[in-house]
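Have a look at the structure below, then the notes.
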Amino acid sequence: LPMGKSVEIAFQSIKVRFFRSLITTMSLVLAVSFLSFVQVTTDVANGLLQTGDPSLRQALVRSGYDLQQEDTSVGSSPKQRWLVILSLFVCVVGIVNAQLMAVTERFREIGTMKCLGALDRFILRLFMLEAGMQGLAGAGIGALVGAVFSLFNGWLRFGTVALTAVSWANLVGTVGIAMAVGCLLSLLGVFYPALVAARMQPVEAMRVEQ
């Protein structure tokens with residue numbers, strides 16, 4: 085089948101299993117929003133630091149940033165990095181678990197498609213397209229939500245200067261990176277379940293009791 089038809093089938097499959105897809109997508113939203121929040125918070129702190137205002141530097145120190153006199157930028161702390169890594173790891177595990185359950189529920193559907201002549205690569209493509217759509221939606225929402233909450237948090241802590249001092253080019257880049265990471269995690273999480281589905285024998289799939 086052409087790619088356009090594969091996309092249509094994948095979209096219809098998501099619509100039919102909307103609530104299960106929503107659970108998978110929400111786990112991605114939470115992980116990516118946390119990643120985006122941490123990174124945008126760092127962008128806000130760097131924007132404040134680059135103004136050269138001593139009072140803003142002191143405000144950052146009071147907020148918990150470990151700044152030396154010669155520092156011109158800040159980075160996320162090791163604790164924050166580990167928390168982000170753990171949240172992304174848990175997200176991938178959740179996606180793998182949800183997709184394996186989805187494969188189990190769709191044994192007959194997969195068997196029927198393979199009996200009608202669907203190749204392994206078509207089944208694999210179908211699952212990857214579904215994951216890509218969910219990943220794009222979840223990562224996009226998560227990145228924007230995290231960025232908005234980070235900017236709001238900066239405004240509450242430092243005032244309107246947090247919004248005017250931040251580099252919006254860096255901000256857009258950070259949101260884009262968070263979205264890319266989310267999409268990649270979604271594809272990585274579905275790869276093994278999709279491989280299991282693609283290698284399934286049609287007779288075995290059709291024999292399974294629902």
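Going by this note's numbering, the first residue of the sequence shown is number 85, and it counts up by one from there. Backbone N, C-alpha and C fix where the C-beta goes; we use that ideal spot for every residue, glycine too.
So residue 251 packs on residue 125, CB below 8 Å; how close in whole Å? Translated into the one-based positions of the sequence shown, residue 251 becomes position 167. Translated into the one-based positions of the sequence shown, residue 125 becomes position 41. That pair is no contact at about 14 Å.
Helix, strand or coil, according to DSSP, for residue 87 in the structure here? Looking up residue 87 in the sequence shown gives position 3. Helix at residue 87.
Just to confirm the assignment, what range does the alpha helix (DSSP H) spanning residue 147 have? Taking the first residue of the sequence shown as 1, we reach residue 147 at position 63. Run containing residue 147: none; DSSP gives neither H nor E here.
Alpha carbon to alpha carbon, how far is residue 165 from residue 142? Give it in angstroms, no decimals. Taking the sequence shown and counting its residues from 1, one reaches residue 142 at position 58. Taking the sequence shown and counting its residues from 1, one reaches residue 165 at position 81. The alpha-carbon atoms of residue 142 and residue 165 are separated by roughly 24 Å.
Measuring alpha carbon to alpha carbon, tell me which residue in 209, 254, 110 is nearest residue 219. The residue given as residue 219 occupies position 135 in the sequence shown. Residue 110 is the option with its Cα nearest to residue 219.
Member of 284, 245, 277 whose CA lies at the smallest distance from the CA of residue 212: For the purposes of this step, residue 212 is taken as the residue at position 128 of the sequence shown. If we check each option's Cα against that of residue 212, 277 comes out closest.
Taking three-plus beta-carbon pairs below 8 Å as touching, is the region 185-199 in contact with the region 266-286? yes
For residue 183, which three-state DSSP category applies? Locating residue 183 in the sequence shown gives position 99, counting from the first residue. Three-state result, residue 183: helix.
What three-state label does DSSP hand residue 176 in the structure shown? Indexing the sequence shown from 1 puts residue 176 at position 92. It is helical.
When the Cα atoms are used, what is the spatial distance from residue 271 to residue 216? Along the sequence shown, one-based indexing puts residue 271 at 187. Along the sequence shown, one-based indexing puts residue 216 at 132. So the alpha carbons of these two residues sit roughly 6 Å apart.
Classify residue 205 as helix, strand or coil using the three-state DSSP reduction. Counting from one through the sequence shown, the residue named residue 205 turns up at place 121. Reduced to three states, the DSSP call for residue 205 is helix.
Identify whether residue 190 lies in helix, strand or coil by the three-state DSSP scheme. Within the sequence shown, numbered from 1, the residue matching residue 190 stands at position 106. Correct three-state label for residue 190: coil.
Quick check on residue 127: buried or exposed, where buried means 16 or more other Cβ atoms within 10 Å of its Cβ? Numbered from 1 along the sequence shown, position 43 holds the residue referred to as residue 127. When all chains shown are included, residue 127 counts as buried.
Can the beta-carbon of residue 282 be found less than 9 Å from the beta-carbon of residue 207? The residue given as residue 282 occupies position 198 in the sequence shown. The residue given as residue 207 occupies position 123 in the sequence shown. Result yes, Cβ atoms of residue 282 and residue 207 sit closer than 9 Å.
So is residue 244 buried or exposed if we call it buried at 16+ other beta carbons inside 10 Å? Residue numbering aside, residue 244 sits at position 160 when the sequence shown is read from its first letter. Residue 244 comes out exposed.
In three-state DSSP terms, what is residue 126? Residue numbering aside, residue 126 sits at position 42 when the sequence shown is read from its first letter. In the structure shown, residue 126 sits in a helix (DSSP, three-state: H, G or I).
How close, in whole Å, do the beta carbons of residue 230 and residue 117 come, if the pair is a contact with beta carbons under 8 Å? Indexing the sequence shown from 1 puts residue 230 at position 146. Indexing the sequence shown from 1 puts residue 117 at position 33. About 4 Å; that satisfies the 8 Å criterion.
Locate the alpha helix (DSSP H) running through residue 248, then write down its first and last residues. As a first step, residue 248 is located in the sequence shown; it is residue number 164 there, counting from the start. Run containing residue 248: 245-249, per the alpha helix (DSSP H) assignment.
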